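First up is the structure itself, then whatever we jot down about it.
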Amino acid sequence: MEQLVQKLKDEIITALNLSEMKPEEIDENAPLFVDGLGLDSIDALELTVLLEKKYGLKIKTAEEGKIVLHSVRSMAEFIRNNNKG
Amino acid sequence: MRQACTISKVCIIRGNKIILGDKVILEYDGPDFAGFATHCYRHFQINYTKFHKMDNLGKLGFLAAELLIGDSGLTTRYKGEETGVILMNSSSSLDTDRNHQRSISMRGNYFPSPAVFVYTLPNVVIGEICIRHRITGEGNFLVSENFNPLLLYNYVSTLFDRGCIESCITGWVEINGNNFESVLFLIEKSGSTETGIANFEPSALQKIYNSK
Chain A
1 MEQLVQKLKD
11 EIITALNLSE
21 MKPEEIDENA
31 PLFVDGLGLD
41 SIDALELTVL
51 LEKKYGLKIK
61 TAEEGKIVLH
71 SVRSMAEFIR
81 NNNKG
Chain B
86 MRQACTISKV
96 CIIRGNKIIL
106 GDKVILEYDG
116 PDFAGFATHC
126 YRHFQINYTK
136 FHKMDNLGKL
146 GFLAAELLIG
156 DSGLTTRYKG
166 EETGVILMNS
176 SSSLDTDRNH
186 QRSISMRGNY
196 FPSPAVFVYT
206 LPNVVIGEIC
216 IRHRITGEGN
226 FLVSENFNPL
236 LLYNYVSTLF
246 DRGCIESCIT
256 GWVEINGNNF
266 ESVLFLIEKS
276 GSTETGIANF
286 EPSALQKIYN
296 SK
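Line by line, the protein sequences give chains A and B.
Numbering follows our numbering, in which position 12 of the first sequence is assigned residue number 12; successive positions increment by one, without gaps.
Numbering follows our numbering, in which position 92 of the second sequence is assigned residue number 177; successive positions increment by one, without gaps.
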């Protein structure tokens, strides 16, 4: 799980062009939006694309999106719980 | 009768060099725009994380406006709605359009990036400048094969004449691959500032554009 969290942090930095940020600066439990990384709606779409592109996972509803994209850890849990491999 | 206006400040980014007024303030020895943009961001100690998410046209216009506005006092002397931003180039958002096209060209790997797609319009660079400096006046992006000082002059002068604006950031912001060039002018009503480079006229815009 911790390995997946670290991998996700690297992928988020690349996907969202957070080039000035280091993985260790991202708190995996902090909210990704508003507080925390202060991401916006376009970033939410970008993270949704990341989950589909890298892990073959689709977020089915807006409500599910709010839960899955809450933090890096919630994204990692979503991947682990739906791992097709 | 046209409102008399002054070109109060100029910022030129061309050939990996930045010229503010008549001084070269930065020279960069590197092959691509991405490196140039990052170097500028660090050199001028800009603290604005959204910069890294912008497309190349956004970064170029943002950097030029950042240096042009700099210590000009523009944002304290004028209310947000009193400043306009009228820009021009020849390639529109083609640089980013190509990036978007690449992301949707393969059926089996069809993952368009929302963060790229939102920049497939040239006027988004105006939005970036306005958000940063809280400018809410008239904005427009014109596309012309070459730098067209008469078109810029007529458009901007009309805004001044109708009382829509008291100041304006105008000029050329062009990028296509690693070929990039920006010449931005700050225009104000004559007498608004103690210093001025030249009267705001098409010939003056062309002369400054041709220089250096």
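Quick reminder that beta carbons are idealized off the backbone N, C-alpha and C, glycines included.
Here the structure is a predicted model, which is why all the values come from computation and not from measurement.
Determine, using beta-carbon pairs with one atom in the region 172-184 of chain B and one in the region 201-212 of chain B, whether at least three such pairs fall under 8 Å.
yes
Does Glu-20 (chain A) get closer than 9 Å to chain B when you measure Cβ to Cβ?
For the purposes of this step, residue 20 (chain A) is identified with residue 20 of the first sequence, where counting begins at 1. For Glu-20 (chain A), the answer is yes, since a Cβ of chain B falls inside 9 Å of its Cβ.
Residue span of the beta strand (DSSP E) that contains Val-209 (chain B), given as start and end
If you number the second sequence from 1, residue 209 (chain B) lands on position 124. Counting along the chain, Val-209 (chain B) falls outside any beta strand (DSSP E), though it belongs to the alpha helix (DSSP H) covering 209-218.
Is there at least one Cβ from chain B nearer than 9 Å to Glu-24 (chain A)'s Cβ?
The count along the first sequence starts at 1 and reaches residue 24 (chain A) at position 24. For Glu-24 (chain A), the answer is no, since every Cβ of chain B falls outside 9 Å of its Cβ.
Does any residue of chain A have a CB that is nearer than 9 Å to the CB of His-137 (chain B)?
What you label residue 137 (chain B) is simply residue 52 of the second sequence in a count that begins at 1. Interface residue, yes.
What separation, rounded to the nearest whole angstrom, lies between the Cα atoms of Glu-129 (chain B) and Leu-16 (chain A)?
Your numbering for residue 129 (chain B) matches position 44 in the second sequence. Your numbering for residue 16 (chain A) matches position 16 in the first sequence. Here the sequence assigns Phe to residue 129 (chain B), which means Glu is not the residue at that position. Spanning the two alpha carbons is a distance of roughly 23 Å.
I'd like to confirm something about Tyr-294 (chain B): is its beta-carbon nearer than 8 Å to some heavy atom of the ligand GDP, or not?
Among the components modelled here there is no ligand, and therefore nothing to report on the ligand GDP.
Do Phe-265 (chain B) and Glu-52 (chain A) have their CB atoms nearer than 9 Å?
Mapped onto the second sequence, residue 265 (chain B) falls at position 180. Mapped onto the first sequence, residue 52 (chain A) falls at position 52. No, Cβ-Cβ distance for Phe-265 (chain B) and Glu-52 (chain A) is not below 9 Å.
Distance check for Glu-151 (chain B) and Gly-212 (chain B), CA to CA, integer angstroms please.
One-based indexing of the second sequence puts residue 212 (chain B) at position 127. One-based indexing of the second sequence puts residue 151 (chain B) at position 66. When rounded, the distance between both Cα atoms is 13 Å.
Inter-residue Cα distance where the pair is Lys-135 (chain B) and His-218 (chain B):
Along the second sequence, read from residue 1 onward, the residue named residue 135 (chain B) stands at position 50. Along the second sequence, read from residue 1 onward, the residue named residue 218 (chain B) stands at position 133. C-alpha separation (whole angstroms): 13 Å.
Outcome for Leu-148 (chain B) when other beta-carbon atoms lying within 10 angstroms are tallied against a minimum of 16
The residue you call residue 148 (chain B) lines up with position 63 of the second sequence. When all chains shown are included, Leu-148 (chain B) counts as buried.
Could you compute how far the alpha carbon of Ala-62 (chain A) sits from the alpha carbon of Val-68 (chain A)?
Here residue 62 (chain A) refers to the residue found at position 62 of the first sequence. Here residue 68 (chain A) refers to the residue found at position 68 of the first sequence. Answer to the nearest angstrom: the Cα atoms are 10 Å apart.
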